[in-house]
Amino acid sequence: MARRVPAVVPLGRDAPSRFLPWIFALMVYLAVLALTGVLILHAAVERWQRGEVDTLTVQLMPLDGESEAARLVKLQDLLGEVEGVSDVHVVAQSETIDLIERWLGAGNVPADLPLPRLIDVAIAPGFGLDAESLAFRLQASMPGVSVDDAKLWLDRLADLGRSLELLAIAVVVLIGLAAVATVIFTTRMGISIHRNVIELLHLIGARDSYVAAQFQRQAMLLGLRGGVLGIVFAVATLYGLRHVAGRLETPLAPDIPVAHWAWGLLVAVPVATALIAMVTARLTALRELAKMP
Amino acid sequence: MVRFENVGMRYGMGPEVLHDVTFEINAGEFRYLVGPSGAGKTSLLRLMYLAHRPSRGLISMFGADVMLARRQELMDLRRGIGVVFQDYRLLAHLSALDNVALPLRVAGAKESQVQEHVSELLAWVGLADHIHALPESLSGGQKQRVAIARAVITRPRLLLADEPTGNLDEALGQRLLRLFEELNRIGTTVVIATHNQNMVARNPHPVMTLGSGELRVDPPIGKAS
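Sequence order for the protein chains is A and B.
Just so we're aligned: 29 in numbering that gives the first Met the number 0 is position 30 of the first sequence, and the numbers increase by one with no gaps anywhere.
Just so we're aligned: 143 in numbering that gives the first Met the number 0 is position 144 of the second sequence, and the numbers increase by one with no gaps anywhere.
Structure representation (structure tokens):
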């Protein structure tokens, strides 16, 4: 068996070699979570903007002297004629009372409180229904009708999602910059600690690229070691979150990305960390070595 | 091969430790560099192995002007120079074998050749049983032999040795000097800085004498045998 050639510059014995993998692990962990956040938000914002959760709530206020049942039937008929409406569901009055009791307390809803009838209107996927014009049309035919447009607050939600997306991207970039700064600092420290060894290597004809290779190899190994550690913890965390998110039964709840490319992107983070560490160590070492006699 | 013209040298802003040093060493020569302690022998060697730039004058190594050479060109020039340092400068974390192998690995030699050549040379200098020993477990004389083996492993064009036999007994010192003479016979130019007058007398070669930072060459340049 071939004998293993020892490292010429004993960087593995330095203090940074002990703590750097943990720092890289933490950075990769945070970067993967932030990147997951970007992916989730990006998908959610796209979905919200596509209007996949487009639903409208139509309210029918009670009017004196008019039969509620007859008005409900008429409203259902009107809604059924609107192009793009895929489903009309009249919310039972008991459900409406349940909703109010959450605020007022059980049994505290006065019997004579005029309650509107609520109608959930589902809109066909991809069909852009203008709530304002629908309200106008309905009110022209029936007084006491109003339309609650979910689109407005979904748009605001999408704006918030986009802001958070940018913030998460900024976090990933900052983590990358922190990794670069850490590698620059430790490489400079390594050169300072091992100046005598490096001087000797220069005296026996070692080029700067040979010496820099010692630092880049060490940085890459530490980056990979820390990166693998970080991705293991991050994936475990994501599976935990996915489990919790799976219990939420709401169409607005974002999905933890499960597409292969998304997982591939996340797994690429430790590889990218190792590469960034390697390139940074090499460039830093070359720059510092050029200052030596 | 080596040419110094009116070379002066100082460390930082300190006083000049070498003044107007002028000499020439042709390829294949063997020379001693002698002088009392503090005369500047190590400083002159530092200039010759390109660890230091002169404060003035001209130095030419292997036909290249050192003052004009770029950093990477200096590295290439250094590969042609083997140095035995007075303080050995062995790397404490490497075994004798790995210390001696350094110049070969730096030059990109194949690992199979490295192992073979280094083992042979270490056996030749009497360290066959200490191939895997770390410097801290070696005596002064053994470290010196490792340092010498490292300096000659690449068969350099120029071999510079600073007190190479200082810690060796007479017999081993003679044996290593024969190694230097053998290398010299096959083309390596050798310069040995030494206090050892016995060695100079027993193995006569031209002598350069340094005194108070000034150099005297005996016999004169161009008449060395």
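Glycine residues also receive a C-beta, built at the ideal position from the N, C-alpha and C atoms.
If the five residues before and after residue 103 of chain B are omitted, its C-beta is found closer than 8 angstroms to the C-beta atoms of 112, 113, 116, 117, 152, 153, all from its own chain and listed in chain order. Using a CB distance below 9 angstroms, the part of the stretch 22-48 of chain B facing chain A consists of 48, ordered along the chain.
C-alpha of residue 58 of chain A to C-alpha of residue 150 of chain A: approximately 16 angstroms in a straight line.
Residue 121 of chain A and residue 55 of chain A have their C-alpha atoms some 7 angstroms from each other. Within the stretch 108-123 of chain B, contact with chain A at the beta-carbon level (separation under 8 angstroms) is assigned to 110, 114. Judged by DSSP in its simplified three-state form, residue 59 of chain A adopts strand. Going by beta carbons, residue 281 of chain A and residue 215 of chain A fall inside the 7 angstroms limit.
Contact between the stretch 14-25 of chain B and the stretch 265-278 of chain A is absent, with fewer than three C-beta pairs closer than 8 angstroms. In this structure, residue 288 of chain A places its C-beta atom within 7 angstroms of the C-beta atom of residue 210 of chain A. Leaving aside the five residues that flank residue 32 of chain A on each side, the residues in its chain whose CB is nearer than 8 angstroms to its CB run, in chain order, 233, 236, 237.
Contact annotation, residue 19 of chain A with residue 225 of chain A: C-beta distance approximately 7 angstroms; criterion of less than 8 angstroms satisfied. Against residue 141 of chain B, chain A offers no close residue; the least beta-carbon distance is about 19 angstroms (beta-carbon pairs closer than 9 angstroms). Within the stretch 74-100 of chain B, complete beta strand (DSSP E) segments of at least 3 residues are found at 80-83, given in chain order. Per the DSSP secondary-structure output, residue 55 of chain B pairs in a beta bridge with B/7. If you look at residue 69 of chain A, you'll find it in the alpha helix (DSSP H) that goes 67-80. The beta-bridge partner set that DSSP reports for residue 157 of chain B consists of B/80, B/188. Here residue 71 of chain A really is in contact with residue 89 of chain A; their C-beta atoms are around 6 angstroms apart, less than 8 angstroms. Using a CB distance cut-off of 7 angstroms, residue 19 of chain A does not count as an interface residue toward chain B.
Every beta strand (DSSP E) of 3 residues or more that sits fully in the stretch 113-184 of chain A is shown, in chain order, as 116-122, 144-148. Boundaries of the beta strand (DSSP E) harbouring residue 210 of chain B: 206-210, taken from the DSSP string. Around the C-beta of residue 65 of chain A, fewer than 16 other C-beta atoms lie within 10 Å, and the residue is accordingly described as exposed. Using a Cβ-Cβ distance cut-off of 8 angstroms, the stretch 9-24 of chain A and the stretch 180-191 of chain A are in contact, since at least three pairs of beta carbons, one from each stretch, lie closer than that value. Excluding sequence positions up to five before and after residue 145 of chain A, its CB lies within less than 6 angstroms of the CB of 58, all in the same chain and listed in chain order.
In terms of beta-carbon proximity, residue 67 of chain B stays away from the interface with chain A, with every pair separated by 7 angstroms or more.
The Cβ of residue 97 of chain B sits closer than 7 angstroms to at least one Cβ of chain A.
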